[in-house]
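**Student:** Below are the structure tokens for one structure; questions will follow.
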Amino acid sequence: MNSELRRDLTAKDGPLAGAVITDVSPVGGGCIHQAWKLRLRDGQVLFAKSGGASALPLFEVEAEALEALHAQADASFLVVPQPIALAALPHGAVLLLPWLDFGGSDQAALGRGLALLHQSSMASSPARFGWHRDGFIGAGPQPGGVAR
44 MNSELRRDLT AKDGPLAGAV ITDVSPVGGG CIHQAWKLRL RDGQVLFAKS GGASALPLFE
104 VEAEALEALH AQADASFLVV PQPIALAALP HGAVLLLPWL DFGGSDQAAL GRGLALLHQS
164 SMASSPARFG WHRDGFIGAG PQPGGVAR
């Protein structure tokens, strides 16, 4: 993480205003953004996804989708991170999420959680499929729209 992004995050108008970042570790797995594990002095551990200013629309769609999934998920089976902050910064954009430690996994619980998520979302929007707005798959556009 470059020093400019680190300063932007903790600036008085930044998403982590007043916080002290004590450790930054790069997280692999992505190819269009940078990802980081952040440790704060107060003990919080966060996941940060950062990119240039052009990343903001992608992060906006991702944050909105995570909020919608979080609202529908049964947390006893499926953990969907709830966004902490989404920000346009002087030197780019960032999406902050809680850090999730992935230890051993229970595939049956995951399957049950996904099934319950689908049931819950279908119950709240019967006979509808899709997302109400355009989104992205990676950096590529994914046209939105709801089918009935």
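Each residue of the sequence shown is one higher than the one before, starting from 44 at the first, in my numbering. Built from N, CA and C at the ideal position, the CB exists for glycine as well. Only a predicted model underlies this, so the values are computations on that prediction, with no experimental measurement involved.
1) Grouping DSSP H, G and I as helix and E and B as strand, with all else coil, what is Val88?
2) Measure the C-alpha to C-alpha separation of Pro58 and Ala130 and round it to an integer number of angstroms.
3) Might you give, ordered along the chain, the residues of its own chain that have their beta carbon closer than 6 angstroms to the beta carbon of Ser68, omitting 5 neighbours on each side?
4) To the nearest angstrom, report how far apart Ala98 and Ala182 are at their CA atoms.
5) Roughly how many angstroms lie between the CA atoms of Asp56 and Asp85, to the nearest whole one?
6) Closest to Leu138 by CA distance: which of His161, Asp177 and Ala106 is it?
7) Measuring alpha carbon to alpha carbon, tell me which of Gly71, Ile75 and Arg49 ends up nearest Val63.
8) Identify every residue that forms a DSSP beta bridge with Ile180.
9) Have a look at Ala128 and Phe90 and give me their C-alpha separation to the nearest angstrom.
10) What does the alpha-carbon distance come out to for the pair Ala54 and Ala60?
11) Which residues in the same chain have their Cβ closer than 6 angstroms to the Cβ of Gly95, if we skip the five residues on either side of it in sequence?
12) Leaving out five residues on either side along the sequence, give the residues of the same chain with a beta carbon under 8 angstroms from the beta carbon of Leu159.
13) What first and last residue would you give for the beta strand (DSSP E) that runs through Arg171?
**Tutor:** Reading it off the structure:
1) Here residue 88 corresponds to residue number 45 of the sequence shown, with the count starting at 1. Strand.
2) As a first step, residue 58 must be located in the sequence shown, where it is residue number 15. As a first step, residue 130 must be located in the sequence shown, where it is residue number 87. Whole-angstrom Cα-Cα distance: 7 angstroms.
3) The residue given as residue 68 occupies position 25 in the sequence shown. Here the set comprises Lys80.
4) Sequence index remark: in the sequence shown, residue 98 carries index 55 (1-based). Sequence index remark: in the sequence shown, residue 182 carries index 139 (1-based). The straight-line gap from Cα to Cα measures roughly 9 angstroms.
5) Looking up residue 56 in the sequence shown gives position 13. Looking up residue 85 in the sequence shown gives position 42. Whole-angstrom Cα-Cα distance: 19 angstroms.
6) Residue numbering aside, residue 138 sits at position 95 when the sequence shown is read from its first letter. Out of His161, Asp177 and Ala106, Ala106 has the C-alpha closest to the C-alpha of Leu138.
7) Here residue 63 refers to the residue found at position 20 when the sequence shown is read from its first residue. Selected option, being the one with the closest Cα: Arg49.
8) If you number the sequence shown from 1, residue 180 lands on position 137. Answer is Gly183, bridged to Ile180.
9) Residue numbering aside, residue 128 sits at position 85 when the sequence shown is read from its first letter. Residue numbering aside, residue 90 sits at position 47 when the sequence shown is read from its first letter. So the two alpha carbons sit approximately 11 angstroms from each other.
10) In the sequence shown, counting from the first residue as 1, residue 54 sits at position 11. In the sequence shown, counting from the first residue as 1, residue 60 sits at position 17. Ala54 and Ala60: Cα-Cα distance of roughly 5 angstroms.
11) The count along the sequence shown starts at 1 and reaches residue 95 at position 52. Answer for Gly95: Gly135, listed in chain order.
12) To locate residue 159, count along the sequence shown from 1; it is residue 116. Only Ala116, Asp117, Phe120 and Leu121 meet the Cβ criterion.
13) Here residue 171 refers to the residue found at position 128 of the sequence shown. That residue, Arg171, is in no beta strand (DSSP E); it is neither H nor E in DSSP.
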